[in-house]
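Worksheet: one structure, shown below.
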Amino acid sequence: MSTQEQLAPSRSEGAHGGTGVVHGDPVQTHAPAHTDSIHLPRPTAYPIIAALGFTLLVAGILTHYVISILGVCLLAYGCVGWFREVLPHEMHENITVRVQEISIASARKSVGRLPGGAESGGQRAHVGVGAFSPLVGLKGGVAGGIAMIFPALAYGLIAQHSIWYPVNLLGGAGVSGMTGFGNPTMQDLRAFHMATLGFATIIHVISCTLIGLLYGSILPLMPKHPIILGGIIAPLAWTGILFAALPTINPEMSAHISWPDFLLAQFVFGITAGWVVSRSSYYRTAKSLPFAMRLGFEGGGVGREDGEDHR
Amino acid sequence: MADASLPIGSLDLTPEALAEGTFREYLHGWVTTVDHKRLGILYVLYALFFLVVGGAEAMIIRVQLMYPDNHFVSPEVYNRMFTMHGTTMVFLMGMPLLFGFANYLVPLMIGARDMAFPRLNALSFWLTAFGGILLYYSFIGGFGLYGQGSAPDVGWFEYAPLTTRTYSQGHAVDFWALSLFVTGWGTLGAAINIITTTISMRCKGMTMMRIPLFCWLLLCTSALTLVAITPLTAAQVMLELDRYLGAHFFDTQAGGSALIWAHFFWIFGHPEVYILVLPAFGVANEIIPVFSRKPAFGYTAMVAASVGIVFISLGVWAHHMFTVGMTSAANAFFTLSTMIIAVPTGIKVFNWIATMWGGKLRFATPMLFAATFVVHFLLSGLTGIMLSASPWDWQLHNSYFVIAHFHYVLVGAIVFSMLAGIYYWFPKVTGRLMDEKLGKWHFWLFLIGFHLTFDFLHVPGILGMPRWVYTYEASRGWASWNMIASVGGFIQFLASGIFVWNLLYSGLHGAEAGPDPWDAWTLEWATSSPPPEYNFAVEPVVASRRPLWDLKHPSDTDTQYE
Amino acid sequence: MAIPVVAQHLEEPGHLPNKGKVGMICLIIGESAIFSIFVLAYLFYIGKSQWGPQPKEVLEVPILNTVCLLSSSLTIWLSERAIEHNLLMTFTAWLGVTIALGSIFLVGTGWEWYKLIYHDGLALQTNLFGTTFYSLVGLHASHVIIGLIMLITLWLFAMTGHVSGKNSERIQTLALYWHFVDAVWVVVFAVVYVIGR
Chain A
160 MSTQEQLAPS RSEGAHGGTG VVHGDPVQTH APAHTDSIHL PRPTAYPIIA ALGFTLLVAG
220 ILTHYVISIL GVCLLAYGCV GWFREVLPHE MHENITVRVQ EISIASARKS VGRLPGGAES
280 GGQRAHVGVG AFSPLVGLKG GVAGGIAMIF PALAYGLIAQ HSIWYPVNLL GGAGVSGMTG
340 FGNPTMQDLR AFHMATLGFA TIIHVISCTL IGLLYGSILP LMPKHPIILG GIIAPLAWTG
400 ILFAALPTIN PEMSAHISWP DFLLAQFVFG ITAGWVVSRS SYYRTAKSLP FAMRLGFEGG
460 GVGREDGEDH R
Chain B
99 MADASLPIGS LDLTPEALAE GTFREYLHGW VTTVDHKRLG ILYVLYALFF LVVGGAEAMI
159 IRVQLMYPDN HFVSPEVYNR MFTMHGTTMV FLMGMPLLFG FANYLVPLMI GARDMAFPRL
219 NALSFWLTAF GGILLYYSFI GGFGLYGQGS APDVGWFEYA PLTTRTYSQG HAVDFWALSL
279 FVTGWGTLGA AINIITTTIS MRCKGMTMMR IPLFCWLLLC TSALTLVAIT PLTAAQVMLE
339 LDRYLGAHFF DTQAGGSALI WAHFFWIFGH PEVYILVLPA FGVANEIIPV FSRKPAFGYT
399 AMVAASVGIV FISLGVWAHH MFTVGMTSAA NAFFTLSTMI IAVPTGIKVF NWIATMWGGK
459 LRFATPMLFA ATFVVHFLLS GLTGIMLSAS PWDWQLHNSY FVIAHFHYVL VGAIVFSMLA
519 GIYYWFPKVT GRLMDEKLGK WHFWLFLIGF HLTFDFLHVP GILGMPRWVY TYEASRGWAS
579 WNMIASVGGF IQFLASGIFV WNLLYSGLHG AEAGPDPWDA WTLEWATSSP PPEYNFAVEP
639 VVASRRPLWD LKHPSDTDTQ YE
Chain C
495 MAIPVVAQHL EEPGHLPNKG KVGMICLIIG ESAIFSIFVL AYLFYIGKSQ WGPQPKEVLE
555 VPILNTVCLL SSSLTIWLSE RAIEHNLLMT FTAWLGVTIA LGSIFLVGTG WEWYKLIYHD
615 GLALQTNLFG TTFYSLVGLH ASHVIIGLIM LITLWLFAMT GHVSGKNSER IQTLALYWHF
675 VDAVWVVVFA VVYVIGR
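Residue numbers (the numbering used here), protein chains in the order written: chain A, 160 to 470; chain B, 99 to 660; chain C, 495 to 691.
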């Protein structure tokens, strides 16, 4: 049924049959005929022998050293046998191929199209690609992160007479207790601290980029109103959760936060990030389409793949 | 529509002679095989066997906790049961199952004929298998000093100093450390193999941004395995050096630290959760689009989120250790990093919903399990965020709330998703469809049992019931909750029985599946069911993420959008 | 009939990375994690030994060892280059030098351990310094031994004429492992003999 053969070095170099093909020689994709046998690695008992040897070697520690000696012998036998299996040439067997036609076809014939397509059928409602590139979300996050710094610092400057006030509050989440921020005074909060600046920057950068990514992935869900979802609803929800949770998690910090201004900064972030995300790459594939199509692009029920289910 | 010369679309028949031969030859064929599909099947069968074993251990635990002041088993046996249940489910069931899926599917999905290192693949499986046998041998072979040996009994994370010679006489701890040391090398080999296969064995046109999301997720899992399982191996070596050669790593008498074991264990332990859950994501990523008749939403975002999870999950381990008394800076760091991991997982949940949104949903059994997976994963993620806040964790650490939370992840999310995968790919492996009626019975019973058990276990946790407790007094008020949970456990066990029956029955008498029963789009459905030994008679060539879509709709291929 | 899959922009198949090298890099990443755990343990336990010899009293900086091991990275690179150009004699010679340098390192480590055990009374069980020192350096030495066994096997094959330029990718994979062993020594050296002393 199968014959063992040693491959010529040029074939065995890549590995076994499959790679040989990837390297482009015998089975040409565009060639009309293909070889009628395929080289696959020959079944071998050496791996199981080596595995048993290794296990017995370890089991000997638990039981008796004689078991370990047996294990070492089996392991050595398995390794040498394995070595001879691969070098100098990998052992292969030929599997004969019998070809039978197979039809790959779908019972579902009609495909959901976007409404209003000019040419016959219009564009497919759901394409597999191009809906979203994570870089866009990243860009939105960075833009929003930069934008929200200004209202936050302005709040610190106007209401608390120090731009370091919001920085210390954010950074204090990371270093509370370590630098005496467990119970800070107002002077502390207004002064400049290297540690809190560092922590605040790290927290700010990480959360802005990640939330930008999140925006990038959820905004296409609401293609008609990205600004409302990303700029208003999401910051509102997020601030609400924080407003409810923070008094429990860190009461001191919560007492120092002015929630209306916090919400304002969140809105600035959300609107900027949402705007950046919504005006770029998500529409990349749809750019060639009429405007009306873009609105319903991923909307519910617009174009699914229709057709009867036969199962 | 296809002829023999086409890149994909040709079916091959293995020579009939292969099917003949005596039973001994048949067995010999399985033992010496280096074929990725056979090894994948072996992995999955091995995992399912230990699913039953670990499940039986869980049943013993549930019977013991059914009533207050119960003495169904002795405290010693009870300790062995919960330790072995945890160890079995994580190391002998969870990881082999995911590597079984990876072994079978990754080469098929990327159009390769085998794994990159077929013999290493066999070695990895047999190391895992023999390691598991060694671990269970401890039940009969683990006699130690004063008869205090037998199976491991100090909890699946084996905290020091309970593992020192003084407190754990006999060989129970050694059995745990050394048998998992053996399986650890098997796991490492499997991970190396999967990564190399995905990177170096792709067929023509299969760029990294075209491989199915399942392969991306398995690539991420394997990368995480490389850096997560090895610290455990290192820690186990240290533990054995302590126990056998008198070293002092975890010996508090000589200045060693018991805490550092906890750190080392959880440096492995938390990424391990993601090692187990990422393949579950991958399975959902394959099933949800097919049963929604839409392409997966946000491919690149999914890839980015998966890679993000890999990196972030390496920096969250100490949220298992909030109660050991770290500095508040460390507490804050691990709280924040744990919460941040909600962002990439949130992206994933949104993308699954977006994939289903507006699609033509069809709730066959695989889709039922996959959709439920999304819901369970979301719920378990929410309790996870609760526990990530260190003050909340101080209150509930090591209580049944934590048990309920992580079983929601491990059973509700991972097991549901893996079951979806088994229902989905069973026709590919055996050529026969699984019975839908039995499948629906399995699904609904398992779902009801799951919710009875793990929804209600949150409550005794909040009421203060600690994990690993042998029994409790009636006055605690935990009894009715535990009774409900136990009943739910029995329902789950019954449902699993139906599942096993379905596997056996459908494997022999199921309806013929044909090569592509679900009308799917990835390469594994382009070959016959079961696939021939060489997978594809001709190396496939792909030009988009959904090669079978292109074949089925030649006038409207995906290629034009890439 | 047209070919159904229109392959317009196929990547060149030859661009797929060599699987031996990818596998070796994965192994190296995994091994690095093992080493980093032992290094962490060493760093954590510096100065925590309650009795017995301390690093300052007994450790001597192994300059010769370090020079030998690090230069063996250079010699194996030279032999890699030689086999790429099919220069068998040069390859065998540089490989031999590599093996010799690696062996000197091993002997040096053995001598250092002998001195520590029999003159300074430092064993694995003595104190935390002994525990962490022997396990970290021993872990590295065991990797050197495995590397040497493989290099010697290769050298024997080369001496009997079984190696040719066609094997160069496999040899590069093996050399990658040796470079890793050398790189780890830089970390071990820094941790044990510079920071820890």
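Ideal Cβ positions, reconstructed from N, Cα and C, are used throughout, including at glycine.
Is there a Cβ from chain B that is less than 9 Å from the Cβ of residue i?
i	result
R438 of chain A	no
Y671 of chain C	no
K513 of chain C	yes
Y314 of chain A	no
N621 of chain C	yes
A527 of chain C	yes
P200 of chain A	yes
S265 of chain A	yes
Quick one: grab the DSSP three-state call for residue i.
i	result
I309 of chain B	coil
K302 of chain B	strand
I254 of chain A	strand
E610 of chain B	strand
L459 of chain B	coil
I197 of chain A	strand
K392 of chain B	coil
H503 of chain C	For H503 of chain C, the pLDDT reaches just 44, beneath the cut-off of 50, and the residue's location in the model is therefore unreliable, although a value from the coordinates is still provided. Three-state result, H503 of chain C: coil.
S417 of chain A	coil
R349 of chain A	helix
V567 of chain B	coil
S366 of chain A	helix
V161 of chain B	helix
V171 of chain B	coil
S604 of chain B	helix
V477 of chain A	Summary: the structure shown does not reach residue 477 of chain A, with chain A confined to residues 160 through 470, and so no result is reported for it.
V685 of chain C	helix
Does the beta carbon of residue i come closer than 9 Å to any beta carbon on chain C?
i	result
V325 of chain B	yes
T350 of chain B	no
F431 of chain B	no
A360 of chain B	no
M207 of chain B	no
R211 of chain B	no
I297 of chain B	yes
G423 of chain B	no
P628 of chain B	no
F215 of chain B	yes
When you measure from the CB of residue i to every non-hydrogen atom of the ligand GTP, does any distance come out below 8 Å?
i	result
H495 of chain B	No copy of the ligand GTP occurs in the structure displayed, which carries no ligand at all.
Any C-beta of chain A sitting closer than 9 Å to the C-beta of residue i?
i	result
T463 of chain B	no
D614 of chain B	yes
R178 of chain B	no
L243 of chain B	Reliability fails at L243 of chain B, whose pLDDT of 47 lies under 50, so the model's placement of it is uncertain and no value is given.
Please confirm if the segment 536 to 549 of chain B is in contact with the segment 585 to 596 of chain B, defined as three or more CB-CB distances below 8 Å between the two stretches.
yes
Report yes or no: do three or more beta-carbon pairs, one from the segment 198 to 211 of chain B and one from the segment 157 to 172 of chain B, lie closer than 8 Å?
no
Would you say the segment 579 to 594 of chain C touches the segment 508 to 515 of chain C, given that touching needs at least three Cβ pairs under 8 Å?
no
Identify each residue in the segment 529 to 543 of chain C for which the Cβ-Cβ distance to at least one residue of chain B is less than 9 Å, and report them in chain order.
F529, S530, I531, F532, L534, A535, F538, Y539, K542 and S543
4 or more residues per run - each alpha helix (DSSP H) lying fully within the segment 565 to 611 of chain C
none
Residues in the segment 548 to 565 of chain B having any Cβ partner in chain C nearer than 7 Å:
none
Are three or more beta carbon pairs between the segment 467 to 482 of chain B and the segment 395 to 407 of chain B nearer than 8 Å?
no
Any residues in the segment 206 to 218 of chain A with a beta carbon nearer than 7 Å to a beta carbon of chain B? Which ones, in chain order?
P206, I207, A209, A210, L211, F213, T214, V217 and A218
At least three beta-carbon pairs within less than 8 Å, the segment 344 to 357 of chain A to the segment 319 to 333 of chain A
yes
Just by C-beta distance, which residues in the segment 364 to 378 of chain A are closer than 8 Å to chain B?
I365, S366, L369, I370, L372, L373, G375, S376 and I377
Per the contact definition of three or more C-beta pairs closer than 8 Å, is the segment 533 to 542 of chain C in contact with the segment 617 to 627 of chain C?
yes
Uninterrupted alpha helix (DSSP H) stretches inside the segment 611 to 689 of chain C (no shorter than 4 residues):
622 to 653 and 662 to 683
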